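Engineer:
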Amino acid sequence: MTETFSFNAESLDKVKFELSKYPEDRKQSAVMSMLDIAQRQNGGWLSKSAIEHVASHLEMPYIKVYEIVTFYSMYYTTPVGKYFVQVCTTTPCWLKGSDEVVKACKETISEKQNELSNDGLFSWMEVECLGACVNAPLVQINDDFYEDLNYENTKNVLQSFIDGNPSPIGSQTGRKGSRAEEYVKS
Ligand code: FES
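The opening position of the sequence shown corresponds to residue 389 in the working numbering, with each subsequent residue numbered one higher.
1. Quick one, which of L423, S548, L483 and G562 has its alpha-carbon nearest E455's?
2. Output yes or no for whether 8 Å exceeds the beta carbon distance between L518 and F549.
3. What residues match up with I529 in a beta bridge as DSSP calls it?
4. I need the straight-line Cα distance from N506 to F405, nearest angstrom please.
5. Just to confirm, are A397 and Y410 a CB contact at a threshold of 8 Å?
6. Check the DSSP bridge columns for E514 and list the partner residues they point to.
7. Can you find the residues in the same chain that come closer than 7 Å, C-beta to C-beta, to L537, ignoring five residues on each side of it along the sequence?
8. Closer than 7 Å between the C-beta and any heavy atom of ligand 1: which residues qualify, listed along the chain?
9. Under 8 Å Cβ to Cβ from V457, same chain only, skipping five residues before and after it: list those, please.
10. Could you check how far apart the C-beta atoms of V468 and V515 are, in whole angstroms? I think they sit under 8 Å.
11. Report the CB separation of I529 from Y471 in whole angstroms; it is logged as a contact under 8 Å.
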C-alpha cells in the first residue's frame with residue numbers, strides 16, 4: 389500500500405488490455421476492471437489516491453468513481469490483511485455452522501472484523517452469500533474458496549497461511565465438488 393498511487397508497469401499492461409476492449413470514446417466502461425487492477429496493486433484496498441488515479445486515467449469525475457467503489461462489495465476503502473478472509477454468514481452457511489468459523493477467525497485474527505491481525509497477515513469480515521451454499525459453510529481467502537468448514541479445519545486453514553504453506557483450496561473434508569456428503573470418501 390502506498391500514499392501516492394500510480395499504476396506500475398505490470399498494472400499498466402493489464403490496463404492497456406482492458407482499455408483495448410472498448411472504443412476510445414467509451415473507455416470509462418473499463419472502470420470496474422481498472423479499480424480491480426488498482427486494488428490488487430495497492431495491497432487489496434483502494435486508497436483515495438488510487439481512486440483518484442483511476443478517475444484521472446479515465447477522465448471521470450472522482451465522485452463517480454467513488455460511487456462505484458462504495459456501491460460494490462468487492463472494493464475496499466480501508467487496508468486489508470495480506471490474506472483477506474471473507475466469511476459467509478448468510479442463512480445456509482449460518483445453519484451449517486458459520487458461527488464456529490467466525491469464532492475461529494476471532495481467535496486467530498482479531499476480535500473485531502475489518503481489523504488487521506497483530507502481524508498484519510490477516511483481516512476478516514462477514515459477507516453475504518458467496519454463491520457456493522452447497523459446500524457451506526465457507527470462506528473466501530483472497531481469490532479462493534475454502535469450503536465445508538468447522539471450527540477445527542478453519543483454524544487449520546488459517547494456520548497453514550501462517551506457516552507459509554496454504555491448505556489446498558476447496559472442500560476441507562475431502563468432498564469432491566459438491567457431491568452429497570456420504571460420497572466424501574468414495
Ligand atoms: S449462504 Fe454462504 S455461500 Fe451461500
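For each residue, glycine too, the CB sits at the ideal point set by N, CA and C. Nothing here was measured: the structure is a model prediction, and the numbers come from that model.
Structural biologist: In short, the structure shows the following:
1. Here the question's residue 455 lines up with position 67 in the sequence shown. Of L423, S548, L483 and G562, the residue nearest in Cα terms is L423.
2. Residue numbering aside, residue 518 sits at position 130 when the sequence shown is read from its first letter. Residue numbering aside, residue 549 sits at position 161 when the sequence shown is read from its first letter. Result no, Cβ atoms of L518 and F549 do not sit closer than 8 Å.
3. Start at 1 with the first residue of the sequence shown, and residue 529 comes out as number 141. BP columns for I529 point to V473 and D532.
4. On the sequence shown, residue 506 is found 118 positions in, with the first residue counted as 1. On the sequence shown, residue 405 is found 17 positions in, with the first residue counted as 1. One C-alpha to the other measures close to 38 Å.
5. By one-based count along the sequence shown, residue 397 stands at place 9. By one-based count along the sequence shown, residue 410 stands at place 22. The answer is no: Cβ separation not under 8 Å.
6. By one-based count along the sequence shown, residue 514 stands at place 126. DSSP output for E514 lists V475 as bridge partner(s).
7. As a position in the sequence shown, residue 537 is number 149, starting the count at 1. Within the same chain, L537 has close Cβ partners V489, P525, L526, V527 and Q560.
8. C476, T478, T479, P480, C481, C517, L518, G519, A520, C521, A524, P525 and L526
9. Counting from 1 along the sequence shown, the entry for residue 457 is found at position 69. Excluding sequence neighbours, V457 sits near L423, L434, I439, Y463 and T465.
10. By 1-based counting over the sequence shown, the position of residue 468 is 80. By 1-based counting over the sequence shown, the position of residue 515 is 127. Not a contact, Cβ separation roughly 12 Å.
11. As a working mapping, residue 529 is identified with position 141 in the sequence shown. As a working mapping, residue 471 is identified with position 83 in the sequence shown. I529 to Y471, Cβ: 5 Å. Contact.
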